[in-house]
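In the numbering used here, the protein residues as written are 71 to 365. Beta carbons: idealized from backbone N, C-alpha and C, even for Gly.
Written out as structure tokens, the structure is:
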């Protein structure tokens with residue numbers, strides 16, 4: 071008992087020196103409920119199986135503790151002399167089988183739903199690179215790269231002198247987020263151009279590997295507008311920790327406006343201006359004429 075008391079006192083003393091944020095973060099051990107129907111189903115399934123396991127543990131350990139206390143040697147208990155019982159064996163075999171079947175049915179239904187990408191409203195091809203994401207809206211003629219935001223990139227450099235705590239959403243912000251409409255079933259086709267990556271957004275309840283030469287699928291339907299952040303969840307090289315995932319869920323009107331701007335020719339700041347491409351086109355057009363004159 072003294073050891074337990076000393077250990078508890080040490081833990082309390084250590085907790086007193088923890089920052090409030092760190093102390094709260096340490097207790098976030100459960101699955102998030104999320105903002106998609108899949109994440110809510112997965113959370114509900116998780117809690118169902120968790121409480122089934124708690125009840126089983128309570129029954130098993132309760133029976134063990136009761137037996138140890140009730141039939142201890144100091145009370146004059148003598149060893150029992152059991153004989154074979156077919157009935158008992160059937161019971162203790164049937165009960166676990168029924169429990170497992172009862173757990174497997176809802177789990178299988180959820181797994182089938184997770185893989186059902188039919189009737190999607192929007193399909194996006196996501197390609198992982200070292201160390202950025204490429205998004206292509208299939209059938210919409212919209213594509214772009216998404217990389218770590220400049221402020222986070224500057225702060226992460228050795229000797230930058232920038233305090234990371236002064237950078238909002240440090241290492242969780244990008245220059246160009248993925249934009250999707252609220253309430254739409256979004257089908258994501260995942261692959262990679264170099265090594266294995268993993269596209270993960272905790273609020274969506276979805277994570278799947280992006281594998282070179284192979285296409286994985288997942289889907290989500292976000293019910294609440296907002297900005298949701300995730301990360302690459304597969305060790306992919308030196309800058310693995312610097313390729314976040316940011317998804318902006320907008321109203322349908324805002325999404326249509328954003329999509330129209332993209333289709334209308336708005337480009338990222340890093341993209342070359344249309345005028346810069348004109349001389350190259352003129353040069354290409356001039357080459358055949360020069361060759362013809364030479365002939």
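Query                                                                                                         : Result
Distance, residue 213 Cα to residue 260 Cα                                                                    : 14 Å
Beta-carbon gap between residue 248 and residue 314 smaller than 8 Å                                          : no
Distance between residue 281 and residue 156 (C-alpha atoms, nearest Å)                                       : 52 Å
Every unbroken beta strand (DSSP E) within the segment 125-158, with a cutoff of 3 residues, ordered by chain : none
Segments assigned alpha helix (DSSP H), at least 4 residues, entirely inside the segment 199-278              : 220-226
Beta-carbon proximity check, residue 104 vs residue 273, cutoff 8 Å                                           : yes
Limits of the alpha helix (DSSP H) - the one that residue 332 falls within                                    : 322-333
Inter-residue spacing [alpha-carbon to alpha-carbon] between residue 145 and residue 134                      : 17 Å
Sheet register partners of residue 66 (DSSP bridge)                                                           : Outside the shown range of the chain, which is 71 to 365, sits residue 66, and nothing can be said about it.
Residue environment, residue 283, which counts as buried when at least 16 other CB atoms sit within 10 Å      : exposed
Cα-Cα separation, residue 169 to residue 100                                                                  : 23 Å
The beta strand (DSSP E) enclosing residue 302, as first and last residue numbers                             : 296-302
Assigned secondary structure, residue 317 (DSSP; H/G/I helix, E/B strand, else coil)                          : strand
Residue 325 and residue 251 closer than 8 Å at C-beta                                                         : yes
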